[in-house]
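Worksheet for the structure shown next.
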Amino acid sequence: MSASTTVTGAFGYADWTETPIGPADTLPRRARASVVNAFTGGIEAAATVCEYVFVYATEKAGSFTGLQRFTGRVDGRAGGFTVEERGTFEEDGTVRCTFEVVPGTATGELAGLRGTGGYLYHPGESPVPYTFSYAYDLG
5 MSASTTVTGA FGYADWTETP IGPADTLPRR ARASVVNAFT GGIEAAATVC EYVFVYATEK
65 AGSFTGLQRF TGRVDGRAGG FTVEERGTFE EDGTVRCTFE VVPGTATGEL AGLRGTGGYL
125 YHPGESPVPY TFSYAYDLG
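Take 5 as the starting number for the sequence shown in this note's numbering and just add one per residue.
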């Protein structure tokens, strides 16, 4: 693997559609959401699509997992890749998330991409800052 590089940037969401999975009036409850995000900075992707599954432990707190597909650029290199996300959301609206490139999903000039990143969202913050550390498999 090549040496790791870390980039930063920010993202915002353009669309959020959430629907319950099973009963919506009992806890814990589950939901799925389809979200369109726009990333700038080290990752440039105008319209990513993320599919999430949430578990609400309370009305406002819980955890989530998701898969998000990026098509755009990483540090100027064009292509696409998918990340797996895991995170939590708290009563006060704070969200913590980590993500990792799904092996074998990078295409174009991003082929061989491996990486991890994350973000910490505070209520009212827009856009949301992220970090992403990546490298390429050489071979």
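Glycine included, C-beta positions come from ideal geometry on N, C-alpha and C.
What you are looking at is a predicted structure, and each value in this text was computed from that prediction instead of being measured.
In the three-state scheme derived from DSSP, where H, G and I count as helix and E and B as strand, Pro133 is classed as strand. Between Glu104 and Arg77, the beta carbon gap of about 19 Å keeps them out of contact (Cβ cut-off 8 Å).
Around the beta-carbon of Ala110, 16 or more other beta-carbon atoms lie within 10 Å, marking it buried. In terms of CA proximity to Glu113, Gly80 leads the group Gly121, Thr98 and Gly80. In the displayed model, Glu55 falls within a strand according to three-state DSSP. Residues Phe93, Glu94 and Glu95 of the same chain have their beta carbon placed closer than 7 Å to that of Ala65, with the five preceding and five following residues left out of the count.
Gly119 is not a Cβ neighbour of Tyr134, given a cutoff of 8 Å. Ranked by Cα distance from Val132, the options Pro107, Ala139 and Gly45 are led by Gly45. Contiguous beta strand (DSSP E) elements confined to the region 62-86 occur at 66-78, taking only those with 3 or more residues. Note on Glu89: 16 or more other CB atoms within 10 angstroms of its CB, so buried under the neighbour-count rule.
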